[in-house]
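Encoded as structure tokens, the structure appears first; notes follow it.
In our numbering, the protein residues as written are 49 to 153.
Here's what the structure looks like:
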């Protein structure tokens, strides 16, 4: 269930060739595999262990931009991947941009 859940992603260290499976936040459908970050932050809910928090409005956005063919990232995975990889708001913006430009949205 998407509602009433508190998600936890523990901090981790990975080798540079480890992959990360990505699943659609709403349906759980497998979207693809992307490279895992070598170091990730602990994430509880929508905040990470260094104090970065990301809010979300559950607004679906513009229908024409709702999905790109072959995209490996959706809004939910984008939030949690970013919280695991970024330490500051500026870094989060760069991380989100990189993830969407590289793996689609």
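Every residue gets a Cβ at the ideal spot worked out from N, C-alpha and C, and that includes glycine. Since the model is a prediction, treat every value here as computed from it, not as a measurement.
Taking 8 Å as the limit between beta carbons, can you name the residues of its chain near residue 67, skipping five residues before and five after?
Reading the chain shown from its first residue, position 19 is the one you call residue 67. 81, 82, 83, 84, listed in sequence order.
Considering only the alpha carbon of each residue, which of 101, 65, 152, 63 lies closest to residue 139?
Within the chain shown, numbered from 1, the residue matching residue 139 stands at position 91. Closest by alpha carbon: 101.
In the structure shown, what three-state DSSP assignment does residue 79 receive?
What you label residue 79 is simply residue 31 of the chain shown in a count that begins at 1. Of the three classes helix, strand and coil, the one that applies to residue 79 here is strand, per DSSP.
Can you tell me whether residue 132 is buried or exposed? The criterion is at least 16 other CB atoms within 10 Å of its CB, across all chains shown.
Residue mapping note: residue 132 aligns to position 84 of the chain shown, counting from 1. Here residue 132 is buried: its Cβ has 16 or more other Cβ atoms, across all protein chains shown, within 10 Å.
Note the first and the last residue of the continuous beta strand (DSSP E) segment covering residue 67.
Translated into the one-based positions of the chain shown, residue 67 becomes position 19. First-last of the beta strand (DSSP E) with residue 67: 67-71.
Of the residues 149, 153, 123, 148, the one placed nearest residue 94, counting alpha carbons only:
On the chain shown, residue 94 is found 46 positions in, with the first residue counted as 1. Minimum Cα distance to residue 94 is reached at 123.
What is the rounded straight-line gap between the Cα of residue 74 and the Cα of residue 141?
Within the chain shown, residue 74 is the residue found at index 26, counting from 1. Within the chain shown, residue 141 is the residue found at index 93, counting from 1. So the alpha carbons of these two residues sit roughly 23 Å apart.
Starting from residue 146 and walking both ways along the alpha helix (DSSP H), at which residues does that stretch end?
Counting from one through the chain shown, the residue named residue 146 turns up at place 98. Per DSSP, the unbroken alpha helix (DSSP H) holding residue 146 starts and ends at 137-151.
Roughly how many whole angstroms lie between the Cα atoms of residue 86 and residue 136?
Position 38 of the chain shown holds residue 86. Position 88 of the chain shown holds residue 136. The alpha-carbon atoms of residue 86 and residue 136 are separated by roughly 17 Å.
Check residue 88 in the structure and name its three-state DSSP category.
Against the chain shown, residue 88 aligns to sequence position 40. Three-state DSSP puts residue 88 in a strand.
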